[in-house]
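As structure tokens, the structure follows; a few thoughts come after it.
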Amino acid sequence: MKIIQAIEVVDLIGDGSTIMIGGFLGCGSPDGIIDELISNRKKAFTIITNDTAFPDKGVGKLIVARGAKKVIASHIGTNPETQRQMIEKEIEVELVPQGTLVEKIRAGGIGLGGILTPTGVGTTVENAKQKITVDGKDYLLELPLRADFALIKAKRADYYGNLQFALTARNFNPIMALAADKVIVEVEEIVPVGSISPDDVHLSGVFVDYVIVGGRK
Amino acid sequence: MKIIQAIEVVDLIGDGSTIMIGGFLGCGSPDGIIDELISNRKKAFTIITNDTAFPDKGVGKLIVARGAKKVIASHIGTNPETQRQMIEKEIEVELVPQGTLVEKIRAGGIGLGGILTPTGVGTTVENAKQKITVDGKDYLLELPLRADFALIKAKRADYYGNLQFALTARNFNPIMALAADKVIVEVEEIVPVGSISPDDVHLSGVFVDYVIVGGRK
Amino acid sequence: MMKPKELIARRIALELKNGELVNLGIGIPTLVANYIPNGVQVFFQSENGIIGMGPLPKAGMENPDLTNASGLYVTSLPGAAIFDSAISFGIIRGGHLDVTVLGGLQVDEHGLLANWMIPGKKVPGMGGAMDLVTGAKKVMVAMTHTAKGRSKIVKKCNLPLTSIRSVDLIVTDLAVIKPTKEGLILKEIAPGISVEYVIQQTDAHLIIPEKVPEMSLN
Amino acid sequence: MMKPKELIARRIALELKNGELVNLGIGIPTLVANYIPNGVQVFFQSENGIIGMGPLPKAGMENPDLTNASGLYVTSLPGAAIFDSAISFGIIRGGHLDVTVLGGLQVDEHGLLANWMIPGKKVPGMGGAMDLVTGAKKVMVAMTHTAKGRSKIVKKCNLPLTSIRSVDLIVTDLAVIKPTKEGLILKEIAPGISVEYVIQQTDAHLIIPEKVPEMSLN
Chain W
6 MKIIQAIEVV DLIGDGSTIM IGGFLGCGSP DGIIDELISN RKKAFTIITN DTAFPDKGVG
66 KLIVARGAKK VIASHIGTNP ETQRQMIEKE IEVELVPQGT LVEKIRAGGI GLGGILTPTG
126 VGTTVENAKQ KITVDGKDYL LELPLRADFA LIKAKRADYY GNLQFALTAR NFNPIMALAA
186 DKVIVEVEEI VPVGSISPDD VHLSGVFVDY VIVGGRK
Chain Y
6 MKIIQAIEVV DLIGDGSTIM IGGFLGCGSP DGIIDELISN RKKAFTIITN DTAFPDKGVG
66 KLIVARGAKK VIASHIGTNP ETQRQMIEKE IEVELVPQGT LVEKIRAGGI GLGGILTPTG
126 VGTTVENAKQ KITVDGKDYL LELPLRADFA LIKAKRADYY GNLQFALTAR NFNPIMALAA
186 DKVIVEVEEI VPVGSISPDD VHLSGVFVDY VIVGGRK
Chain X
61 MMKPKELIAR RIALELKNGE LVNLGIGIPT LVANYIPNGV QVFFQSENGI IGMGPLPKAG
121 MENPDLTNAS GLYVTSLPGA AIFDSAISFG IIRGGHLDVT VLGGLQVDEH GLLANWMIPG
181 KKVPGMGGAM DLVTGAKKVM VAMTHTAKGR SKIVKKCNLP LTSIRSVDLI VTDLAVIKPT
241 KEGLILKEIA PGISVEYVIQ QTDAHLIIPE KVPEMSLN
Chain L
61 MMKPKELIAR RIALELKNGE LVNLGIGIPT LVANYIPNGV QVFFQSENGI IGMGPLPKAG
121 MENPDLTNAS GLYVTSLPGA AIFDSAISFG IIRGGHLDVT VLGGLQVDEH GLLANWMIPG
181 KKVPGMGGAM DLVTGAKKVM VAMTHTAKGR SKIVKKCNLP LTSIRSVDLI VTDLAVIKPT
241 KEGLILKEIA PGISVEYVIQ QTDAHLIIPE KVPEMSLN
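Protein chains in written order, with my numbering: chain W, 6 to 222; chain Y, 6 to 222; chain X, 61 to 278; chain L, 61 to 278.
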């Protein structure tokens, strides 16, 4: 684990990278990192995220700033700009049921080749996916998702990168941290090693590559 | 969630039931429940557990007491009695790689039809399993596991059944609690509702049916 | 006279039983929380990762780390538990959720729900809806009976389906309707509404029992 | 003279690099923890659910809730983290574990390992071994070169394989051997052992480089 300044993500994350961004309608998103990407006009990202939040919040701001080439998400209804860019074919949007999205990411992070889910069977989500019948019930084979970078938000880290999340700001963050080549975490504070009880660590520092201390927005 | 006495499991759990038992070589196993099953000569169980511990510890004692008809586990090497019963065909033993076992249980608990794992490909674990190729890599389709009862151990519960585990006594316990029709938890204490911070709950009480207060062995 | 949304929410609330784990969707379903009958304690799950969600906070007591699935600040009740999105949808898809109440665009004669997109017009995405309908033990749809004068209860959905699992109950401002293998049964009518009016406002065929009582709305 | 097991453990320990996450199997691999070189800090993962496992506790300071994968009481170091078995094997199978050191019954010319059962004789089960060999970034086998006078490095395993993934390094009391696409390369010999003796004690074909240095054993 290495501690860096928010501005350093600008060099780390190349235009066109695939990035996962934690958060749920902006709650628990790494706002300091997102702001740096925006002010440095980073672009052409494939963004994997639960939703595109609101135009003035979280990942929503990155959409408004034209940072995306493609969005993989479960919901874009709260950000009219995502809708507009999609309809005008400025970006591609792939909609994935939320429970499927999180399991695809988890599978990508923990070495599974895919998972079978009943969600989406018989709907447009089926698409060209392989259908597998187990015990007489149909499931869709959903394949793993990984990213070049996961940008996540935690409440605090210790100097080994062990993380604690706060309340519903946890959401996709610990799962995305499993599934990217480089994991960059924005925290509100770094605490001494040993000051988080082993039972209270929500995600082991083994998954964390970079930590940035940002303020609470 | 209902608080019961250990002795009540004797009526709850019928002979021949499929039961998951938490613990790793006896650490974090529900010893009070196991003892009741033994002293009341309950038998013919299909036991899903990581290992059969030692002859005088955890689930190992239930094996010695001839409580099992079948064992599904990743390791039985520390309990010679399991080996003996298997060799003399008194019980059936199904060996499953540990990482596969926990994902099969998780899948059974969260409504997945199965998972694809690379573990076991090209080994005797393949058996008659369906092999699926994703991105040029072979995986085994491993199917979900569920049980009639999960017998698990936690450090403490609140009166809603929210659980906290202690150190490596956590292991399979929170995963097995997802995957059984009835979940019976042995704890060392029950604390007031609200005294465990929401962030510190390791497993929500929604998964818990019965809580038994047992002493520390 | 009671507002249509309040009527729907009140009627749905009467279906909830003590101890149940309930997930309320956006819109009318959210209102259900306001009308839980006395003596009934239910637990609210929100798919962003909490069981034990409480009411909106008082002004000045909001916290940006505690929101509901609509992104609004909420509170947590004693005994609340937090979990990540994988466990949250494990609860939903794994059959651990007793009830979900969702809004709807259309429900058809097979009880199939369409509630996540209008092709060419509005594509918000399914969010958690597909998992909720697929996995919850009981699925209730809370919606107005008609939209822009057109019945939302149709012979066959022409909007994309949310799931191939039939919903368990439909509550509108005009009626309570139960999908069954035989078809849609008209179970109750709203106060002041006639069976004939419901039939007239409904595209789908309704099975009409001999007696159709008025909704109770305690 | 150094005991064979100590020699193997010391040589393996030299392979570990600062900051690596390491899982040690039962038996000889466990000893590796005693010989980590000065200035190298590694983190030990135990598959029962901990990173940051420390040495055995002093007498009287044992706790039944803190054990290693052999069921022995251990301690936790500052910065330790606990997780359930699903995450533990997610770390292993997902490629987040830098190194695993495992015991072996046989390794063959393709670098394939058999280490979990002897049919008809001993069936302990694979435990975590199959996931460890399949998923760890680097797999090292620590074992005696022979058992009951028979080479454990064989042309082809006749015991059931642990994985179809080749191991990265084999360290025995006689030699360090590296499996490659071309075959098994003899990289180092133990102090006082000749290349000829290693060849004689090995069933598998060994590729012998011009120079085969003696093991360093700091």
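Backbone N, C-alpha and C fix where the C-beta goes; we use that ideal spot for every residue, glycine too.
Think of a sphere of 8 Å around the beta carbon of valine 218 (chain Y): no beta carbon from chain X falls inside it, the nearest being about 18 Å out. Here DSSP, grouped into helix, strand and coil, assigns aspartate 214 (chain Y) to coil. For arginine 175 (chain W), the neighbours in chain X by C-beta distance under 7 Å run, in chain order, Gly109, Ile142, Asp144.
Below 8 Å, enough C-beta pairs join the stretch 163–179 of chain L and the stretch 212–225 of chain L to call them touching: three or more. In terms of beta-carbon proximity, glutamate 147 (chain Y) stays away from the interface with chain L, with every pair separated by 9 Å or more. Between arginine 161 (chain W) and valine 211 (chain W), the CB-CB gap reaches or exceeds 9 Å. Rounded to whole angstroms, the gap between the alpha carbons of proline 251 (chain L) and methionine 113 (chain L) is 32 Å. Contacts with chain Y at 9 Å (Cβ-Cβ) include valine 139 (chain W). Glycine 125 (chain Y) and histidine 80 (chain Y) have their C-alpha atoms spaced approximately 15 Å apart. Secondary structure of alanine 73 (chain W) (DSSP, three-state): strand.
Taking all protein chains in view, the Cβ of proline 239 (chain X) is crowded by 16 or more other Cβ atoms within 10 Å, so the residue is classified as buried. For isoleucine 86 (chain X), the CB contacts under 6 Å within the same chain, skipping 5 residues up- and downstream, are Ser130 in chain order. Residue pairing by DSSP puts arginine 210 (chain L) in a beta bridge opposite L:Ala207. Minimum Cα-Cα distance from valine 193 (chain L) among the listed residues Y:Pro123, Y:Val101, Y:Lys142, Y:Ile52 corresponds to Y:Pro123.
Judged by their CB atoms, isoleucine 68 (chain W) and isoleucine 110 (chain W) are not nearer to each other than the 9 Å cut-off. Partner residues in the beta bridge of proline 239 (chain L), as assigned by DSSP, are L:Leu244.
A distance below 7 Å between beta-carbons, with the five flanking residues on each side excluded, links asparagine 167 (chain W) to the following residues of its chain, in chain order: Ile201, Val206, Ser209, Gly210. For arginine 153 (chain X), the nearest CB of chain W lies under 9 Å from its own CB, placing it at the interface with that chain. Taking C-alpha positions only, isoleucine 52 (chain Y) is separated from threonine 23 (chain Y) by approximately 6 Å. In the structure shown, the three-state DSSP call for lysine 65 (chain X) is helix.
Of the candidates L:Leu157, L:Lys118, L:Val199, L:Leu157 places its Cα closest to the Cα of serine 106 (chain L).
Counting along the chain, the unbroken beta strand (DSSP E) around tyrosine 144 (chain W) starts and ends at 142–147. When the beta-carbon positions are compared, glycine 27 (chain Y) and phenylalanine 149 (chain L) stay at least 9 Å from each other.
Using a Cβ-Cβ cut-off of 9 Å, phenylalanine 212 (chain W) counts as an interface residue toward chain L, since at least one Cβ of chain L sits closer than that to its own. Lysine 182 (chain L) has its alpha-carbon roughly 28 Å from the corresponding atom of leucine 244 (chain L).
Interface flag for aspartate 168 (chain X) against chain W is unset, since no Cβ pair is found closer than 9 Å. Using a CB distance cut-off of 9 Å, isoleucine 268 (chain L) does not count as an interface residue toward chain W. Annotated three-state conformation of lysine 109 (chain Y) is helix, per DSSP.
In the DSSP assignment, serine 145 (chain L) falls within the unbroken alpha helix (DSSP H) covering 145–153. Listed in chain order, the non-local C-beta contacts of glycine 72 (chain W) below 7 Å within the same chain comprise Leu42, Ile43, Lys47, Lys48, Phe50, local neighbours out to five positions each way being set aside. By a beta-carbon distance limit of 8 Å, leucine 172 (chain L) does not contact valine 199 (chain L). Their separation comes to about 11 Å. Taking threonine 206 (chain X) as the centre and dropping the five residues before and after it, the same chain places the C-beta of Lys212, Gln261 closer than 7 Å to its C-beta, in chain order. DSSP places glutamine 90 (chain W) within a helical segment (H, G or I) once states are collapsed to three. Below the 7 Å Cβ cutoff, chain L contributes no neighbours of glutamine 169 (chain Y), its closest Cβ being approximately 11 Å away. Within 9 Å of the CB of valine 107 (chain W), no CB atom of chain L is found; the nearest one sits about 14 Å away. Boundaries for leucine 30 (chain Y): no beta strand (DSSP E) harbours it, and the DSSP string shows neither H nor E there.
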